[in-house]
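There are 2 protein chains.
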Amino acid sequence: MLTKEQLKRLESAISPKSVVIVGATKEKHRVGYSLLESVLLGGFQGRILPVHPRHDMILDQKVYSSIEETDEKPDLAIIALNEQSTIEFLDTCGKFDVKAALCVAGGYSEVGDQGEILQQSLKEAAERNNVLIIGPNTLGLINSQVGLNATFWPTELEQGGKVSVITQSGGVGQMILCQAKDEGLPINKWIGVGNRAVLDFDDYLQLLAEDSSTEVIAVFMEGTERARAFVEMAQEVVVNKPIVILKAGQSSLAQRCALTHTGSMAGSYEMYQDIFEQFRLIQADNVATLVSISKALSLAPSPKGSNIAILTPTAGPSILLVDALENSDCNLTEFSDATMEKLDELFINVPVVLKNPLDAAAVGYSGDSYLQLVEILLEDPDVDLLVTISTEHKNRVFPAAEIVELSRRKEKPVIVLFVGSRTEESYMYRQILQSGGVPFFINVEDTAAAVQGLIKYAQWREDRNGAN
Amino acid sequence: MLTKEQLKRLESAISPKSVVIVGATKEKHRVGYSLLESVLLGGFQGRILPVHPRHDMILDQKVYSSIEETDEKPDLAIIALNEQSTIEFLDTCGKFDVKAALCVAGGYSEVGDQGEILQQSLKEAAERNNVLIIGPNTLGLINSQVGLNATFWPTELEQGGKVSVITQSGGVGQMILCQAKDEGLPINKWIGVGNRAVLDFDDYLQLLAEDSSTEVIAVFMEGTERARAFVEMAQEVVVNKPIVILKAGQSSLAQRCALTHTGSMAGSYEMYQDIFEQFRLIQADNVATLVSISKALSLAPSPKGSNIAILTPTAGPSILLVDALENSDCNLTEFSDATMEKLDELFINVPVVLKNPLDAAAVGYSGDSYLQLVEILLEDPDVDLLVTISTEHKNRVFPAAEIVELSRRKEKPVIVLFVGSRTEESYMYRQILQSGGVPFFINVEDTAAAVQGLIKYAQWREDRNGAN
């Protein structure tokens, strides 16, 4: 857990006014090049200070020979030096009161005894100089709020996300970012914890708990020795912000792999599962559902109960969805008498069986009657959340804006499962829906995970309020 | 099972020289319009014969008042009439020796006793007139080989696919088509079996077994009363062509839903699972893996054993992959001494632990050393299949063509797990890889399912050859 002073320093480093990039280089294949390029591509608005003893200009940026020459006390130092030089550079950081150093080099605890000793030196240098360490052995960090892409994966950033990510693997973290992009979900902050020489999961949770622009926290974890500190911090955080977690190491073999990766014991998967459940973290099975649950929690209003309805123009997908919701906390509600009367009227002379999931068949093809059905189901007091399934069709317009309006008016979450491809048209529908608080999925398992995540978190909050 | 004569007639209907579309209409929201539009959009090369008593032209096509007026004996009749008129029209089909009728109307066995009686009449009319029935209550059928999109979901078709689909749900069938499109997998034939009044799964399996352009068969099933005929036919077919199956109804609730859908009992899921395993069908958990397994089987060469290697520039994704392969038939091999010697040479002074999965870290970032590693691992006699993980990066070119070349030269399957987004660039890599027999995935679970599917099918064939 961070002291107040440390938290303040870390906040300054994550939203810096100035960053120094030590070891910036012209050689395109090196991380010192990609890191500078990332900071530029991200659109960082503060001062960008590349440092290299022998370069003048890189990527049209003036290069300084030392921090001293920049005439600045940078909030964040991005250190693209080798494992030994990184440690040495921390004395310089201390001299200029750098708040935190992002250390990307590997070669520490993940490579055995020799590395363990180096990591200890790194930690001591950090303490001696009052510099917080992010990493080492990390892809970096992102804060899209200030346009800071401090990773050696140069990409542009999209603002406006409410989900922030803490990841123990750069590669999986990149998967999460890519999946989020493909799902139309901007990411707010992204932190690669690396070997956690100084700062660990609990510290980053504390940081994001205090960050007003973060509303949902997504975590990828291999393992941590500070598991207790993590879950205790999590328990506090989830009162206000849901935490969704993907834990690696389900297999014994994967656990051994993790050991030589970031130097952490993965621990028994079942033990972690039980603890996460007890401390009210929402568990995801894979990267896709980590993103889909986080997306739903960040976009949709909270359901008032666990009763769900499913509306579909074609039965098959709803059967798969019901399969995927088996063993979830959702209850496939029975429609109220009032609802059944309204449906009877609408389906007069249409040969379908009226039940939940409601297979509207041909009635569901027309925009108007589809919307009528959405409204009828949302009006049912026994429906807390509605999943509407729709199919891509050239000759039908999907009433995205109207669904947003209905979800708002009835104050109930609606989730759209769209049977279609990833096309410009479906992305257009998605944009309308998601900007209006209606999560959009094209995949049954993502939809089911999102529904379950929404209901689980709402139940937990309800329990807690009941207990108070 | 079809007689030789029936099979010949069904083949003619699926690859027709002429199709009549009965009930073609100008009203855009009706299936009679979408069906004609689909046939046109698909690029069907044979004669297209819209029939309607009161229209002259629809979609720039001459409309005939009756089949008689067309002066043709159409191979396939697409019937867009209601459930009663569909039955009546079969007499006309018989008169003009139509081989098969595609009946899209619902209102038969899926709606209860009354519909059951209608379906019996439909069946009798079909037998009386020697007309095979596809459906009723089906989205239609697709044969991209002849540009025939006979569904009421108008889309263009892509030729060249080796995977054909049999689906009991139009909606799930559409999901499969959309997922396949998103995965860069063209579909050869696609058949919505509907209520299976006449033709059932076993008949369509028989058809596709005889179809030389189909190399893999993907099935979505809710349930069938002819389960024995299906698995017995499947057992024959899988000697030459793998069958991948997704079975709905894992939950008891989903089983009840299926009953009112296509009028079939779903049956115990566990029973089906056991039977499928025994009869050597490859089971998929969901639509995405149904597609990914089918894709791998249709593209990659067959592995000679179950030993796999994983090469990655970043550990995290490989840990998730190992997790996903837990309980599979794959063996994460130990590298041979010769391989270890080559790796030791390449990784001199690089602080990594050399094991499988091989975390190449920085060495894996450069195209040249990455390719060297691919070659070293493919040369290991204890490696039957290689998964290479790569990450999207602006400053690195992914050596797609070279990987294709290595997979061919070493005659071993390679599967690429790409940590990236769905961008034009990644689709370009995918195109190069997949056209060269290297399946490309961006998702861990899809990759794991593909690896497992390839190894399982190869093992079964090996067992069978051993037994003979």
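Protein chains in written order, with the working numbering: chain A, 36 to 503; chain B, 36 to 503.
Idealized CB from N, CA, C, for every residue including glycine.
These figures come from a predicted structure and were not determined experimentally.
Per DSSP, cross-strand counterpart(s) of residue i
i: F475 (chain B); result: B:V451
i: K429 (chain A); result: For K429 (chain A), which the question treats as bridged, DSSP gives no partner whatsoever.
i: G175 (chain B); result: B:T186
i: K282 (chain B); result: B:M256
i: V55 (chain A); result: A:L84 and A:A112
i: T347 (chain B); result: B:D394
i: C138 (chain B); result: B:I114
i: V200 (chain B); result: B:W225 and B:A253
i: I169 (chain B); result: B:L137
i: Q318 (chain B); result: B:I280
i: V422 (chain A); result: A:I345 and A:I450
CB contact check: residue i to chain B, cutoff 9 angstroms
i: N165 (chain A); result: no
i: M306 (chain A); result: no
i: F433 (chain A); result: no
i: A484 (chain A); result: no
i: P171 (chain A); result: no
i: P221 (chain A); result: no
i: N64 (chain A); result: Residue identity check: residue 64 (chain A) is His in the sequence provided, not Asn. So, interface residue.
i: F236 (chain A); result: no
i: H428 (chain A); result: yes
i: E361 (chain A); result: yes
i: A48 (chain A); result: no
i: Q318 (chain A); result: no
i: S442 (chain A); result: no
i: P474 (chain A); result: no
Any C-beta of chain A under 9 angstroms from that of residue i
i: D217 (chain B); result: yes
i: G488 (chain B); result: no
i: Q96 (chain B); result: no
i: W225 (chain B); result: no
i: Y68 (chain B); result: yes
i: Q194 (chain B); result: no
i: T349 (chain B); result: yes
i: Q209 (chain B); result: yes
i: S329 (chain B); result: no
i: D358 (chain B); result: yes
i: I83 (chain B); result: no
i: L183 (chain B); result: no
i: L157 (chain B); result: no
i: Y457 (chain B); result: In the sequence on display, residue 457 (chain B) carries Arg and not Tyr. At least one chain A Cβ lies under 9 angstroms of R457 (chain B).
i: A283 (chain B); result: yes
i: L176 (chain B); result: no
i: M300 (chain B); result: The predicted position of M300 (chain B) is uncertain, since its pLDDT is 47 and thus under 50; a value taken from the coordinates is nonetheless stated next. It does not; no Cβ of chain A falls within 9 angstroms.
Per-residue burial, residue i [other beta carbons within 10 Å of its own, 16 or more giving buried]
i: P277 (chain A); result: buried
i: R263 (chain B); result: exposed
i: E40 (chain A); result: exposed
i: N458 (chain B); result: The question names Asn, but residue 458 (chain B) in the sequence shown is Thr. Classification for T458 (chain B): exposed.
i: V89 (chain A); result: This sequence places Arg at residue 89 (chain A); Val is not what is there. R89 (chain A) should be labelled exposed.
i: Q149 (chain A); result: exposed
i: A301 (chain B); result: With a pLDDT of 49 at A301 (chain B), under the threshold of 50, the modelled position of that residue is not reliable, and no figure is offered here.
i: Q241 (chain B); result: buried
i: G505 (chain A); result: Here chain A comprises residues numbered 36 to 503, so residue 505 (chain A) is not present and cannot be evaluated.
i: K130 (chain B); result: exposed
i: I383 (chain B); result: exposed
i: P51 (chain B); result: buried
i: S425 (chain B); result: buried
i: Y462 (chain B); result: exposed
If you scan the region 209 to 253 of chain B from start to end, which runs of the alpha helix (DSSP H) of 4 or more residues do you find wholly inside it? The qualifying runs are 236 to 244.
Is it a yes or a no for the region 150 to 161 of chain B touching the region 204 to 217 of chain B, going by three-plus beta-carbon pairs under 8 angstroms? Not touching, per the Cβ criterion.
I'd like the ranges of any beta strand (DSSP E) spanning at least 3 consecutive residues and lying wholly in the region 60 to 120 of chain B. Scanning the region 60 to 120 of chain B from its first residue to its last, the whole beta strand (DSSP E) runs of 3-plus residues come out as 82 to 86 and 111 to 114.
Three or more C-beta pairs below 8 angstroms linking the region 439 to 446 of chain B and the region 471 to 483 of chain B: These segments touch.
Is the region 339 to 353 of chain B touching the region 375 to 394 of chain B, taking contact as three or more C-beta pairs under 8 angstroms? Contact holds between the region 339 to 353 of chain B and the region 375 to 394 of chain B, because three or more Cβ pairs, one in each stretch, are under 8 angstroms apart.
Taking contact to mean 3 or more Cβ pairs, one atom from each stretch, closer than 8 angstroms, check whether the region 163 to 172 of chain A and the region 189 to 200 of chain A are in contact. With a cut-off of 8 angstroms, the region 189 to 200 of chain A and the region 163 to 172 of chain A do not count as touching, because too few Cβ pairs lie within range.
Sufficient close CB pairs (3 or more, under 8 angstroms) joining the region 128 to 142 of chain B to the region 80 to 100 of chain B: No, because fewer than three Cβ pairs between the region 128 to 142 of chain B and the region 80 to 100 of chain B fall closer than 8 angstroms, the two stretches do not touch.
Specify whether the region 349 to 361 of chain B and the region 234 to 248 of chain B touch according to this definition: at least 3 beta carbon pairs, one from each stretch, less than 8 angstroms apart. Between the region 349 to 361 of chain B and the region 234 to 248 of chain B there are fewer than three inter-stretch CB-CB distances shorter than 8 angstroms, so the stretches are not counted as touching.
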